[in-house]
Structure formats: structure tokens, C-alpha cells
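Reading the sequence shown from the start, the letters are residues 9 to 145 in the working numbering.
Written below as C-alpha cells is the structure these notes are about.
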Amino acid sequence: MYNFALSERIDNWKAQKEKPKNERNYITYTQQQNELPEIKRKYPEYTWVYSKVLQMTLRKLDGNYKSFFSLWQNGDTNARPPKYKGKDFFTTLCYNQSGFKIEKNTFSTNGRDLLRYTALRYAHQPTLSGLVGIPIL
């Protein structure tokens, strides 16, 4: 989804750059989010992914663009726009607060039990107080 949305933004930018500045209409996060149901109908490979996960991926892309433009406008000559990501770049699914719940030893999304804690692998992130286990799905 990240590369799909990035491609859409790049194509839009190329089409808009020829227009006078007051007539340009760039794609926003909200517009891309509102297109998700149609994209899921048109491309069946996205139907297995929850909409919340796709929305968070679009938010990540939008944040990357906002960061780039902020750096660029502040004179950072090393700022580069977001680039395409390889198939191994996204190894996690990001949810907002309403996308999942954890009860007892079960992790579930939208009412479906996905994994039991006993089946989770843990990555350890160093903190000031020691190591904290973070589940990786």
C-alpha cells in the first residue's frame, strides 16, 4: 500500500507541476484514505489487510512527506522525498488504539483471535531500566 500510495502522489505531483500555482491540487491523506474501499474492491490482494492497517500505512507516508517538506522549507539541502520501499521493509502491522485488544493471553483484532502470547517471539529494546520485551508478530 505504501508504494501504491507513493506512486499515486508522484504521478499527481508530475501532473500538477505544469499548472499555475493557484490551480494546483495535490493529493492529501484524507483523499487517499477515502479511496481505500474502492482500492480494496479493485485489487483483491489488499482485502486480507484490515482497513485500519492500511490507514496507518497512509499516515506513515503522509508523515514522511510532511517531514520532507518541513526540512526542505527550512533549507536542508540533504532532504529527500520519500522513496519506494522493498517488500521486506514493512515487517509489522500498525494499528491505532481501536484496531486490536489484548485479553488474558490472546491478541485479537476486530474480534478475531490471531495469536496466543506463547506463540509470540520477543525482541528486546534497551531502556534506562533494562530490557523490555516487545512482541513481534
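Glycine included, C-beta positions come from ideal geometry on N, C-alpha and C.
Self-check item: For Glu111, the three-state DSSP class (helix, strand or coil)
Solution: Numbered from its first residue, the sequence shown carries residue 111 at position 103. Correct three-state label for Glu111: strand.
Quiz item: Lys48 and Tyr54: beta carbons closer than 7 angstroms?
Solution: The residue you call residue 48 lines up with position 40 of the sequence shown. The residue you call residue 54 lines up with position 46 of the sequence shown. Yes, the Cβ-Cβ distance between Lys48 and Tyr54 is below 7 angstroms.
Exercise. Counting only the same chain and skipping the five closest in sequence on each side, list residues whose C-beta sits under 6 angstroms from that of Trp80.
Key: To locate residue 80, count along the sequence shown from 1; it is residue 72. Its chain contains Ala87 as the residues whose beta carbon lies nearer than 6 angstroms to that of Trp80, once the 5 sequence neighbours on both sides are disregarded; these appear in chain order.
Quiz item: Going by the beta-carbon positions, is the gap between Leu66 and Tyr37 smaller than 7 angstroms?
Solution: Within the sequence shown, the letter at position 58 stands for residue 66. Within the sequence shown, the letter at position 29 stands for residue 37. Contact: yes.
Self-check item: Cut-off 7 angstroms between Cβ atoms - residues of its own chain near Asn72, not counting five sequence neighbours on either side
Solution: Indexing the sequence shown from 1 puts residue 72 at position 64. Sequence-distant Cβ neighbours of Asn72 in its own chain, meaning closer than 7 angstroms and more than five residues away, are Pro90.
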